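Residue numbering for the sequence shown follows the working numbering, beginning at 1 and increasing consecutively. For each residue, glycine too, the CB sits at the ideal point set by N, CA and C. Note that this is a predicted model, so its numbers are computed, not measured. Worksheet: the structure to be examined is printed underneath.
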Amino acid sequence: AEGVAEPGVREAMLRDLDEMDAMLDEVLDFLSRELREEEVKTVDLGALLQSICDDYADLGAPVSYADPPPLTFHAAGTLFAPPPSSGPVQVFDHERKVRLACRPVALRRAIANLIDNALKYGRCAAVRLDAGAEQVRIAVEDQGPGIPPEEMEKVFLPLYRIESSRQRSTGGTGLGLAIVRSAIAAHRGQVELRNREAGGLCVLVTLPREA
Numbered sequence: 001a002e003g004v005a006e007p008g009v010r011e012a013m014l015r016d017l018d019e020m021d022a023m024l025d026e027v028l029d030f031l032s033r034e035l036r037e038e039e040v041k042t043v044d045l046g047a048l049l050q051s052i053c054d055d056y057a058d059l060g061a062p063v064s065y066a067d068p069p070p071l072t073f074h075a076a077g078t079l080f081a082p083p084p085s086s087g088p089v090q091v092f093d094h095e096r097k098v099r100l101a102c103r104p105v106a107l108r109r110a111i112a113n114l115i116d117n118a119l120k121y122g123r124c125a126a127v128r129l130d131a132g133a134e135q136v137r138i139a140v141e142d143q144g145p146g147i148p149p150e151e152m153e154k155v156f157l158p159l160y161r162i163e164s165s166r167q168r169s170t171g172g173t174g175l176g177l178a179i180v181r182s183a184i185a186a187h188r189g190q191v192e193l194r195n196r197e198a199g200g201l202c203v204l205v206t207l208p209r210e211a
């Protein structure tokens with residue numbers, strides 16, 4: 001390609017080679033056994049998500065992260081006094097540490113893929129974390145056009161791309177969400193796509209908390 005004299009033809013060839021290289025990298029990643037072989041570790045999930053978002057923000061990308069909301073409690077009754085029918089809600093506003101047994105590298109790649117998609121098609125990415133006793137929920141939201149309902153399952157297929165996104169300017173090869181689903185399935189979790197009422201797409205990842 002570098003030996004081609006015509007600048008326009010040379011640049012087109014180099015772009016094609018870059019796209020082929022990116023596709024091969026993603027295919028190898030998709031087919032790798034890393035998901036099954038990576039050691040399970042218990043991590044601070046909030047710190048993991050914050051570090052991913054910070055990496056993007058350091059490069060100037062519009063990516064934000066929100067910690068889990070504070071825990072709230074209602075007064076409980078005792079043997080001698082029933083619980084009050086109404087009363088103030090107690091708020092535990094200290095920092096929440098969300099511990100999760102996971103494959104950190106695979107999970108990091110999955111969340112990074114979701115952020116990449118949000119930036120490509122939705123101009124920004126807002127990552128939120130919430131946690132209950134049995135599961136954690138990670139939401140990645142953007143401000144793009146969303147996805148037609150009839151396409152929401154198809155976009156998880158390897159190499160599938162929505163017709164409107166098949167152009168050079170958006171990049172991508174159609175493997176990002178397939179890799180995400182594989183990584184989350186390896187954690188016995190689920191991935192759900194939702195169009196937001198205010199516009200944009202929300203990708204909700206749900207993971208069980210038990211090891």
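Once you ignore the five residues that flank residue i on each side, which residues in its own chain have a CB closer than 8 angstroms to its CB?
i    : result
A1   : R10, M13, L14 and L17
L49  : Y65, I111, V127, L129 and I138
R181 : F156 and V191
M152 : L193
Taking DSSP's pairing of strands, which residues face residue i in a bridge?
i    : result
P208 : Q135
A66  : R128
A101 : T42
With a CB to CB cut of under 7 angstroms and the five nearest residues on each side skipped, what residues in its chain are close to residue i?
i    : result
G144 : Y121, G122, R123, G200 and L201
A183 : L35, A106, L107, R109 and A110
G3   : none
Y56  : V63 and I115
Would you kindly check if the distance between the Cβ of residue j and the Cβ of residue i is under 8 angstroms?
i    : j    : result
V136 : L100 : yes
I179 : R109 : yes
D54  : K97  : no
Who are the Cβ neighbours of residue i in its own chain at under 6 angstroms, not counting the five residues just before and after it?
i    : result
N117 : G176
P208 : Q135 and R188
A186 : L35
Reducing DSSP to helix, strand and coil, say where residue i ends up.
i    : result
E26  : helix
R194 : strand
D243 : Residue 243 lies beyond the stretch modelled for the chain, which goes from 1 to 211, so this question has no answer here.
V155 : helix
L175 : coil
V4   : coil
**Message:** For a minimum of 4 consecutive residues, which ranges assigned as the alpha helix (DSSP H) are wholly contained in the region 32 to 61?
**Reply:** If we require 4 residues or more, the alpha helix (DSSP H) runs fully inside the region 32 to 61 come out as 34 to 37 and 45 to 58.
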